[in-house]
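Just below is one structure, and these are the notes that go with it.
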Amino acid sequence: MKEKISQLEEKARRLRVAIVKTLHKSQSGHTGGSLSAIDMICALYFHKMRHNPEEPAWEGRDRFVLSKGHAAPALYVALAEAGYFPTEDLMMLRRLGSHLQGHPDSKGTPGVDVCTGSLGQGLSMANGMALGFKLDGKENRVYALLGDGELQEGQIWEAAMAAGHYKTDNLCALVDSNGLQIDGDVSRVMNVSSISDKFRAFGWNVIEIDGHCLHGICTALDAAERHKGAPTAIVATTVKGKGVSIFENKASYHGVTPNDQELPVALRCLGCDCEELENQERIGA
Amino acid sequence: MIATRDAYGETLAELGAENENIVALDADLSGSTKTGVFGKKFPERFFNMGIAEANMVGTAAGLAAVGKIPFLSTFAIFAAGRAWEQIRQSVAYPKANVKIVATHGGVTVGEDGGSHQSVEDIAIMRAIPNMTVIVPADGEETKGAIRAAAAHKGPVYVRLGRNKVPNVFPKGHTFEIGKGCEVVAGTDLTFVTTGLMTGVAVAAAEKLKAEGISARVVHLGTVKPLDKEIVIKAAKETGVIVTAEEHSVVGGLGGAVAELLGEECPTLMKRVGVYDRFGTSGKSEELLKYFGLTAENLVEEAKEIFARKK
Numbered sequence: 006m007k008e009k010i011s012q013l014e015e016k017a018r019r020l021r022v023a024i025v026k027t028l029h030k031s032q033s034g035h036t037g038g039s040l041s042a043i044d045m046i047c048a049l050y051f052h053k054m055r056h057n058p059e060e061p062a063w064e065g066r067d068r069f070v071l072s073k074g075h076a077a078p079a080l081y082v083a084l085a086e087a088g089y090f091p092t093e094d095l096m097m098l099r100r101l102g103s104h105l106q107g108h109p110d111s112k113g114t115p116g117v118d119v120c121t122g123s124l125g126q127g128l129s130m131a132n133g134m135a136l137g138f139k140l141d142g143k144e145n146r147v148y149a150l151l152g153d154g155e156l157q158e159g160q161i162w163e164a165a166m167a168a169g170h171y172k173t174d175n176l177c178a179l180v181d182s183n184g185l186q187i188d189g190d191v192s193r194v195m196n197v198s199s200i201s202d203k204f205r206a207f208g209w210n211v212i213e214i215d216g217h218c219l220h221g222i223c224t225a226l227d228a229a230e231r232h233k234g235a236p237t238a239i240v241a242t243t244v245k246g247k248g249v250s251i252f253e254n255k256a257s258y259h260g261v262t263p264n265d266q267e268l269p270v271a272l273r274c275l276g277c278d279c280e281e282l283e284n285q286e287r288i289g290a
Numbered sequence: 257m258i259a260t261r262d263a264y265g266e267t268l269a270e271l272g273a274e275n276e277n278i279v280a281l282d283a284d285l286s287g288s289t290k291t292g293v294f295g296k297k298f299p300e301r302f303f304n305m306g307i308a309e310a311n312m313v314g315t316a317a318g319l320a321a322v323g324k325i326p327f328l329s330t331f332a333i334f335a336a337g338r339a340w341e342q343i344r345q346s347v348a349y350p351k352a353n354v355k356i357v358a359t360h361g362g363v364t365v366g367e368d369g370g371s372h373q374s375v376e377d378i379a380i381m382r383a384i385p386n387m388t389v390i391v392p393a394d395g396e397e398t399k400g401a402i403r404a405a406a407a408h409k410g411p412v413y414v415r416l417g418r419n420k421v422p423n424v425f426p427k428g429h430t431f432e433i434g435k436g437c438e439v440v441a442g443t444d445l446t447f448v449t450t451g452l453m454t455g456v457a458v459a460a461a462e463k464l465k466a467e468g469i470s471a472r473v474v475h476l477g478t479v480k481p482l483d484k485e486i487v488i489k490a491a492k493e494t495g496v497i498v499t500a501e502e503h504s505v506v507g508g509l510g511g512a513v514a515e516l517l518g519e520e521c522p523t524l525m526k527r528v529g530v531y532d533r534f535g536t537s538g539k540s541e542e543l544l545k546y547f548g549l550t551a552e553n554l555v556e557e558a559k560e561i562f563a564r565k566k
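Note that the protein sequences, when read in sequence, are chains U and B. Going by the numbering used here, the first sequence opens with residue 6, and the numbers climb by one from there. Going by the numbering used here, the second sequence opens with residue 257, and the numbers climb by one from there.
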């Protein structure tokens with residue numbers, strides 16, 4: 006296990022490097038929330054979820070809904086790393102004609118199952134999938150990653166109510182609670198705390214973790230899978246921009262990409278060696 | 257006489273027996289929308305989502321994403337209105353195989369008043385890419401429309417009414433998405449209609465006949481995609497088009513026909529519908545009169561525009 010966790014940690018670091026390079030190249034996209042979510046996405050794709058990049062439409066696969074769709078770069082680098090499409094495609098993020106849209110679009114990207122981006126809608130879709138699997142007696146699990154600012158959308162709580170009501174225990178919501186949204190502190194813009202209490206009130210099993218501790222994330226995901234009779238919410242405390250000191254905890258980096266001066270600083274923060282720094286075009290290398 | 261919503265409930269239950277992938281969702285109105293008929297027969301495949309339309313739409317999209325064919329229902333104003341963005345984002349954008357069957361469309365919902373009378377939903381749904389918009393004329397056509405919606409792969413919006421409406425079509429009438437049909441032959445002018453206004457236009461055509469005017473009635477059970485051919489043919493052959501719908505004249509059937517003819521075959525035309533205002537409380541019949549949606553009014557409008565043709 007210890008070895009696996011250190012492998013995941015190294016993978017998460019490399020995925021962070023890929024996010025930074027991708028966003029630098031595109032000069033458009035969301036940096037802070039991609040970096041805060043990547044450890045959880047890494048644990049999902051390389052520890053927990055049953056999926057097969059060779060066969061994106063494999064029926065036995067677990068499903069992932071990136072409800073906070075603006076963290077698309079984090080999803081894309083993980084999909085590329087897993088082998089759903091060539092890593093070179095990341096260079097085309099947000100470009101006209103690219104299959105990597107600004108927000109996840111199931112119609113073009115292998116491995117993306119639902120269109121997300123308009124906040125608040127993903128948990129409903131995830132619960133619908135979970136209900137469908139239950140109806141068919143299938144073992145597939147559904148994971149939805151939400152942002153804490155996103156929880157201000159009322160539809161999230163409609164979905165939480167429904168999942169609690171229908172006891173969809175094949176559903177797991179992960180909340181990337183980085184405490185910041187575009188206009189500033191979540192607690193100041195519109196306080197959503199206590200997130201855990203709210204999910205509990207709707208009948209959910211709740212696990213609180215440090216969203217950057219891969220051991221904790223994996224342990225929570227395993228526990229969520231074992232929990233029967235209620236959906237599980239993993240409420241993860243995270244740092245917006247995590248891993249790059251100049252981006253950390255800054256709301257201003259919500260939708261801002263690294264510029265030419267920031268790129269080498271960011272890459273050094275992420276422990277890039279000389280070769281990685283020189284070879285900036287090779288995403289995920 | 258049967259209400260289109262009753263025909264829906266009956267057909268949905270039949271479909272449920274034929275295809276176990278069909279599931280139904282409702283937002284606490286299953287007695288009114290008639291999804292309850294399905295719910296009683298197939299309780300495990302019926303999901304009452306409570307008074308939470310946005311979540312209902314998203315849940316249906318999720319069910320569709322794992323291979324189900326969800327039919328979701330509520331009143332037209334709550335589907336097209338409250339859950340518009342969910343329909344756009346979670347259903348239409350990914351081309352999810354979700355069937356939105358909205359009941360209580362138009363002003364004939366009646367006494368509940370303007371808050372509950374949906375006179376914008378056809379326009380709203382028509383503006384969304386990938387969306388098919390169906391407005392059946394009667395119960396018989398509704399049966400075919402529901403079956404066609406189930407067979408169609410992709411998002412469909414079917415708009416139904418609350419009240420019983422006279423039959424326009426015979427038993428076994430076939431419905432094909434995107435195909436209009438000539439209900440009454442005529443050479444002087446054409447009523448292009450949808451929903452319950454088709455039956456009204458048939459009555460108007462009879463009255464006009466007595467006055468020596470030969471009116472054609474073309475029914476468009478599908479507002480989107482529009483059967484361009486049948487509309488252009490009618491415009492060319494009769495020279496005058498009068499559209500009629502239980503909906504705002506802004507952006508609905510009248511808007512669609514005007515857009516088409518404006519680009520491809522400029523024709524003298526008149527849109528009959530609700531003239532850019534909200535509904536109001538009243539009995540259905542009173543409201544049809546109040547908003548000018550009667551055979552008598554269609555006759556008047558037709559005569560007036562026919563006079564301009566000469």
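From the three backbone atoms N, C-alpha and C, an ideal C-beta is built for every residue, glycine too.
Excluding the 5 residues preceding and the 5 following residue i in the sequence, name in chain order all residues of the same chain whose CB lies nearer than 6 Å to its CB.
i, result
"Arg273 of chain U", "none"
"Tyr50 of chain U", "Ala83, Ala87"
"Ile10 of chain U", "Leu219, His220"
"Ala269 of chain B", "Val293, Phe294, Lys297"
"Lys30 of chain U", "Met96"
If you reduce the DSSP assignment to three classes, tell me which class residue i lands in.
i, result
"Met6 of chain U", "coil"
"Ile356 of chain B", "strand"
"Glu560 of chain B", "helix"
"Val180 of chain U", "strand"
"Leu509 of chain B", "helix"
"Gln266 of chain U", "coil"
"Pro299 of chain B", "helix"
"Leu185 of chain U", "strand"
"Ala379 of chain B", "helix"
"Asn311 of chain B", "helix"
"Ala290 of chain U", "For Ala290 of chain U, the pLDDT reaches just 45, beneath the cut-off of 50, and the residue's location in the model is therefore unreliable, leaving the point undetermined."
"Phe431 of chain B", "coil"
"Pro78 of chain U", "helix"
"Lys420 of chain B", "strand"
"Ser537 of chain B", "coil"
"Ile200 of chain U", "helix"
"Arg146 of chain U", "coil"
"Ala401 of chain B", "helix"
"Thr446 of chain B", "strand"
Assuming residue i and residue j form a contact by the criterion Cβ under 8 Å, report the distance between their Cβ atoms to the nearest whole angstrom.
i, j, result
"Glu397 of chain B", "Gly477 of chain B", "6 Å"
"Gly548 of chain B", "Gly369 of chain B", "Gly548 of chain B to Gly369 of chain B, Cβ: 18 Å. No contact."
"Val474 of chain B", "Arg382 of chain B", "Actually they do not touch by this definition, with Cβ atoms about 18 Å apart."
"Leu150 of chain U", "Ser39 of chain U", "With a Cβ gap of about 11 Å, Leu150 of chain U and Ser39 of chain U do not count as contacting."
"Glu180 of chain U", "Val240 of chain U", "Residue identity check: residue 180 of chain U is Val in the sequence provided, not Glu. With 8 Å as the limit, Val180 of chain U and Val240 of chain U qualify as a contact, their Cβ atoms being about 5 Å apart."
"Met525 of chain B", "Leu517 of chain B", "6 Å"
"Thr590 of chain B", "Arg261 of chain B", "Because chain B here runs from 257 to 566, residue 590 of chain B falls outside it and cannot be looked at."
Among the residues of its own chain, which have a CB less than 7 Å from the CB of residue i, if the five just before and after it don't count?
i, result
"Phe562 of chain B", "Asp444, Leu445, Ile469, Val496"
"Ala48 of chain U", "Leu13, Leu219, Ile222, Cys223, Leu226"
"Glu541 of chain B", "none"
Closer than 9 Å by beta-carbon distance: list the chain B residues that pair up with residue i, in chain order.
i, result
"Ala178 of chain U", "The contacting residues do not exist; Ala178 of chain U stays about 13 Å from chain B at best."
"Ala167 of chain U", "Phe303, Met305, Gly306, Ala308, Asn311, Met312, Thr315"
"Gln12 of chain U", "Those do not exist, as Gln12 of chain U stays about 31 Å from chain B at its closest Cβ, beyond 9 Å."
Mind pulling the chain B residues with CB within less than 7 Å of residue i?
i, result
"Glu163 of chain U", "Ala308, Ala310, Asn311"
"Leu156 of chain U", "Chain B residues near Leu156 of chain U: none, gap ~14 Å exceeds 7 Å."
"Ala79 of chain U", "Correct list: empty, because the minimum Cβ distance to chain B is about 20 Å."
"Gln32 of chain U", "Ordered by position in chain B, no residue passes the 7 Å Cβ test against Gln32 of chain U, which lies about 25 Å from the chain."
Can you name the residues of chain B whose CB is closer than 8 Å to the CB of residue i?
i, result
"Met134 of chain U", "Gly318, Leu319, Ala321, Val322"
Shorter than 7 Å, the distance from the beta carbon of residue i to the closest heavy atom of the ligand FAD, or not?
i, result
"Lys296 of chain B", "Ligands are entirely absent from the displayed structure, and the ligand FAD is therefore not among its contents."
Which residues, in order along the segment 293-307 of chain B, keep a beta-carbon less than 8 Å from a beta-carbon of chain U? Glu300, Arg301, Phe303, Met305, Gly306
Return the residues of the segment 334-349 of chain B that lie within a Cβ-Cβ distance of less than 7 Å from chain U, sorted by chain order. Glu341, Gln342, Gln345, Ser346, Tyr349
Can you give me, in chain order, the residues of the segment 105-132 of chain U that have a beta carbon less than 9 Å from any beta carbon in chain B? Asp110, Ser111, Lys112, Asp118, Val119, Cys120, Thr121, Gly122, Ser123, Gly125, Gln126, Gly127, Leu128, Ser129, Met130, Ala131, Asn132
For the segment 310-327 of chain B, which residues have a CB atom closer than 9 Å to at least one CB atom of chain U, in sequence order? Ala310, Asn311, Met312, Val313, Gly314, Thr315, Ala316, Ala317, Gly318, Leu319, Ala320, Ala321, Val322, Gly323, Lys324, Pro326
Name the residues in the segment 61-72 of chain U whose C-beta lies less than 9 Å from a C-beta of chain B; which are they? Glu64, Arg68, Val70
The segment 179-206 of chain U: which residues have C-beta closer than 7 Å to a C-beta of chain B, in chain order? Of all residues in the segment 179-206 of chain U, none places a beta-carbon less than 7 Å from a beta-carbon of chain B.
Any residues in the segment 134-149 of chain U with a beta carbon nearer than 9 Å to a beta carbon of chain B? Which ones, in chain order? If the cut-off is 9 Å between Cβ atoms, the segment 134-149 of chain U has Met134, Ala135, Leu136, Gly137, Phe138, Leu140, Asp141, Lys143, Asn145, Val147 near chain B.
What residues in the segment 255-279 of chain U have a beta carbon less than 9 Å from any beta carbon of chain B? none
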